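The structure appears below as structure tokens.
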Amino acid sequence: MATAVAELPDLCRVCILADCRTKATFSDNTILSLNSTGSSFLVTTPDGRSTRQLSEYALARHSPLLAAVLEFRNMHVELPCFCKPLARVLRSSFALGYLVQDATWPSPSVALSAGLAQLQPDGKVAVSSEDGVAQVVLHSHRRRFAVCYPLLVAERPQEAKYEYVWQTQVFSVASHPPRWQPAVRAVLQAAAELDAAAVGSGAEFGAGRQPGAAADQERATAAAPGAERTAGADAAVATPLLDPDGGAAKANAAAPLASLRFGLSTSPGGAEEAPEPTSRRRTVLPSALHCTRAGLAEALGSDGWWGEPSLSLLPPEVVVAFEWTPHATYQFLEAVGEVEVWVHADESCLATTRAGRFIAHYRSGGGANDCGGGVGSEQLYAANCVPDAVWSRDQTYRYPLGTLAAHAMKLRSHNTNVAASIAARLPSPVAAALPPLGGATGGAGARSRSRLPGAGVLANPLDSLPASSEELFAAASDAVLEDSCVPGTGRFTASEDGRVRAIFDDRTLLTLSSGHSHCKLVLPDGQQVVVGVANPVGVEGYVEAALDFARWAFKSPAERAQELRSQARVRAALLNSQRMAQLCEFSATGALPPEAAAMAAAAAGAGPGTRSAAGEGSMAGRCWDDGGALVPSRGAEAGLVPLALPAPGGLGGAAGMMVGIGDSGDSLRGEASFTGDGVVLMDAVYAARSSEEAAGGAACKAMVAGGALSNPPFPLVGSDRQAMIEALLSANARLLERL
1 MATAVAELPD LCRVCILADC RTKATFSDNT ILSLNSTGSS FLVTTPDGRS TRQLSEYALA
61 RHSPLLAAVL EFRNMHVELP CFCKPLARVL RSSFALGYLV QDATWPSPSV ALSAGLAQLQ
121 PDGKVAVSSE DGVAQVVLHS HRRRFAVCYP LLVAERPQEA KYEYVWQTQV FSVASHPPRW
181 QPAVRAVLQA AAELDAAAVG SGAEFGAGRQ PGAAADQERA TAAAPGAERT AGADAAVATP
241 LLDPDGGAAK ANAAAPLASL RFGLSTSPGG AEEAPEPTSR RRTVLPSALH CTRAGLAEAL
301 GSDGWWGEPS LSLLPPEVVV AFEWTPHATY QFLEAVGEVE VWVHADESCL ATTRAGRFIA
361 HYRSGGGAND CGGGVGSEQL YAANCVPDAV WSRDQTYRYP LGTLAAHAMK LRSHNTNVAA
421 SIAARLPSPV AAALPPLGGA TGGAGARSRS RLPGAGVLAN PLDSLPASSE ELFAAASDAV
481 LEDSCVPGTG RFTASEDGRV RAIFDDRTLL TLSSGHSHCK LVLPDGQQVV VGVANPVGVE
541 GYVEAALDFA RWAFKSPAER AQELRSQARV RAALLNSQRM AQLCEFSATG ALPPEAAAMA
601 AAAAGAGPGT RSAAGEGSMA GRCWDDGGAL VPSRGAEAGL VPLALPAPGG LGGAAGMMVG
661 IGDSGDSLRG EASFTGDGVV LMDAVYAARS SEEAAGGAAC KAMVAGGALS NPPFPLVGSD
721 RQAMIEALLS ANARLLERL
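All residue numbers for the sequence shown refer to full-length UniProt numbering, where the first residue is 1 and numbers rise by one.
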């Protein structure tokens, strides 16, 4: 009977960071993290176990998950990674007897005349390279392109065999690797030519029925440069090339406009077009051979954000370049500081514009039959007025546009704050060229820092800040993540977008930015200031309290428990080190610790009371509870030096203590069993005794105070000093292991 194949979990989220590291989260809380090259990965199962592997030799149970993540990663990074698990899924490899290293893209005139440029029925424009090895496709809304080329994955030059796979990559027209600039230039110019031809053919049908067409064309031509100034780089080539007031002239004017907005050369086409050098039209194709030479040298994190199966949290202090969800794909445009969203439902595009104050929605056109070359329409919304849901292009269903826009704003706020924080930590050449604060001699002409009345000197005004504090402290989400009231300090609230708001008992209000780079404070006297967390001069206490809360609030429960355990281990190690130091000092010099000296004096003052309680010929033993000490009262009376035995904090009180003196009268031994976790802690002390004291000690070595000695690790009789010290060290080591 055939066994059922285990169902693979669904992919829920993929994040590609600016350094190409990738994290993927699956529906069963499995987390898969790739290094920057994709050659190794770390998979964390739902039960918390982590396994680090090479991508080329991934385990069979992890190969499908790795292939799904690599397939998305290779579509959006400059250098793809190829391995055996991915090859088993793609099955698109082929071999050639020659090496394909580059692709040459045609000029607009050559593309049209040779049939290398095509306007597809859905409005997309496809341009093939002159050598036929690659193709670039521009989406109908002119904001995204895809390029397909042969990726070299293996080579055997001695046998003239080169193995390739077809690789498709997708990027935004406004932000893409430099190697694809010739391809983008070629497809934009070809799209402008094809759109102009489509608009011209449509205008011919209505030329006899449109009076004043020449005047309309003049107005459209005159309005084109103005449109460039008002729309700016945010609108890019998505501005419709055909509207009721325009015609072929507007399309011709928009052809060079599209190239200028992206820094491309203007090529109006025609017989007068200047030939472009072949070197500017050539693209060196990527290769995946670097994956075979990579290894496990790069460390992969498994704590913090990397180990959290959250579908909403963003990594601290790292820019997210791409994010995939089942509903949309988000790309951060680093050059302009905006975010583009590619909606999976209808292939439309959302884009934040004007520093995140507006949201533009670009819909695909109706295809080449609309006389507009397939260019779609655009809707512009205020960032806080995006509709909750809109109809798809075919009017069959509605999808949550407002949710997608809100996440785009959150991603933009996170990335811009992180980028500003990173830039603030970099050395500024302008700041380095200026004289130091206070001047060389501290004269009146020296630069001074901004001052806050009653709060001392504030941060350097040269610290890198965004254009406005409103943008820095903008709220991307009002959902409360943690809320805590600290007696004697104030109330702290953490939001899901990373912001922290604190209301202190002295009426000071503090807001920590989502990037945790700056704080805005309103002091009790009404003064409002903005300081950087790296140098909050004058308001250090407020900022430190907010940062401490932020470090706790944005950690998972597992991380918080691990931190508490680490702190307990450190405290236990410090206390045991102090106890060992006291033991060694007593053994070497006979010096009594201050606490033991005080208690010895108190015990000596008890005099007859102590002897009557413990016996005339014995040494009195005392149990300690939370910081007490063991003091042999008779030894104190005789001038002997006992050792203080403080109980370690955080382990509970002592349940029992036994004091014993060896037959030779040269040792004092105590054992305590702590109720906290059953740990047994031992200490041994030594005292030089006379023969009389030895005889008295032998008579009472079994005296018990509150407990009993069980399973001694070394005998009390005949033990030398070195053996007992070694036993004590072993006991302390076992204690640390238990902690």
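The C-beta atom is built at its ideal place from N, Cα and C for all residues, glycine as well. As the structure is a prediction and not an experimental result, all values here were calculated from the model.
Beta-carbon proximity check, residue i vs residue j, cutoff 8 Å
i	j	result
Q528	V522	yes
A191	L138	yes
D102	L285	yes
V320	A174	no
V14	T30	no
V418	E317	yes
D10	S36	no
S55	C83	yes
A406	R398	no
E471	A355	yes
V530	K520	yes
residue 742	W180	One cannot answer for residue 742 here, as it falls past the ends of the chain, which runs 1 to 739.
V89	A58	no
Beta-carbon contacts of residue i that lie in its chain and below 6 Å, excluding the five residues immediately before and after
i	result
F322	I16, H76 and Q331
G649	With a pLDDT of 39 at G649, under the threshold of 50, the modelled position of this residue cannot be trusted; read the value that follows with caution. Closer than 6 Å at the Cβ level, and outside the excluded window around G649, lies no residue.
V500	A494, L512, A546 and A550
A502	G490, F492, L510 and A546
P487	none
Rounded distance between the beta-carbons of residue j and residue i, thought under 8 Å
i	j	result
P182	W105	5 Å
P85	S50	The pair is not a contact, with the Cβ atoms about 19 Å apart (cut-off 8 Å).
A87	K161	Not confirmed; about 16 Å, so no contact.
C485	C291	So it is not a contact: roughly 52 Å between Cβ atoms.
S39	L300	About 11 Å separates the two Cβ atoms, so there is no contact after all.
Beta-ladder partner(s) of residue i, from DSSP
i	result
K161	R156
H361	L350 and Q379
Y149	Q167
Y98	Per DSSP, none; premise fails for Y98.
residue 742	Given that the chain is displayed from residue 1 to residue 739, the structure contains no residue 742 and the question cannot be resolved.
R52	L42
R491	C485 and I503
S172	R144 and S175
E340	Q331 and A351
L138	V125 and F145
A117	V127
residue 740	Nothing about residue 740 can be reported from this structure: the residues present for the chain run from 1 to 739 only.
L512	V500 and C519
Neighbourhood of residue i by C-beta, 7 Å cutoff - its chain only, sequence neighbours within 5 removed
i	result
D497	K410, S413, A475, A476, S477 and S514
V187	V125, V127, V136, L138 and F145
F358	L380, Y381, A382 and A383
F72	V14 and W324
P309	T25, N29 and I31
S312	E496
W552	R560
V386	I359, L401, G402 and A405
S517	N417, A420, S421, A424, G532 and V533
Which of helix, strand or coil DSSP assigns to residue i
i	result
P9	coil
S346	Here the sequence assigns Asp to residue 346, which means Ser is not the residue at that position. If DSSP states are grouped into helix, strand and coil, D346 belongs with coil.
H518	strand
A638	Low confidence applies here, because A638 scores a pLDDT of 42, under 50, leaving its location unreliable; read the following figure in that light. DSSP places A638 in coil when its eight states are reduced to three.
F82	coil
T104	strand
D548	helix
G206	Because the pLDDT of G206 is 48, which lies under 50, any placement of that residue in the model is unreliable, and the number read from its coordinates should be weighed accordingly. Here G206 sits in coil by DSSP.
T396	coil
D131	coil
S92	coil
E193	helix
T278	helix
L411	helix
Q527	coil
G590	coil
G532	strand
A321	strand
V537	coil
Cβ-based neighbour list, residue i, same chain, cut-off 8 Å, excluding 5 preceding and 5 following
i	result
L8	P64 and L65
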